[in-house]
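Residue numbers (the numbering used here): 7 to 81.
Where is the CB? At the ideal position from N, CA and C, for every residue including glycine.
The structure presented is a predicted model; accordingly, all values stated were derived computationally and were not measured.
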Amino acid sequence: MLKAKGTGFYTHPVSIFVPENSGIIKGGDFLYNSFLLDPDYIVSVALKCSKNKKYTFSIKEILLKELIDLYKTLS
7 MLKAKGTGFY THPVSIFVPE NSGIIKGGDF LYNSFLLDPD YIVSVALKCS
57 KNKKYTFSIK EILLKELIDL YKTLS
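Encoded structure:
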């Protein structure tokens, strides 16, 4: 949510609540998907969505190089 609304540097990370392993939750204009990456880390994705569109989340492990290559194709 911090990056989705552009408030990453204005909102202290411990001031927000991230539900652990809660699956997909809708809140306002956003869908949230949070999952436990390892005992010390939670990954949470916020997606701004349209009312008339269906969204799905897929979790897949990839190599860092694959992620960097994908990023290069998007920019």
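Look at the beta carbons and you see the segment 54-62 touching the segment 27-38: at least three pairs across the two are nearer than 8 Å. The closest CA to that of I31, considering only D75, P45, T62, is found on T62. Pairing T79 with E67, the inter-Cα distance amounts to about 19 Å.
The Cβ atoms of I74 and F41 lie no closer than 9 Å to each other. In this chain, the beta strand (DSSP E) harbouring I48 covers 47-54.
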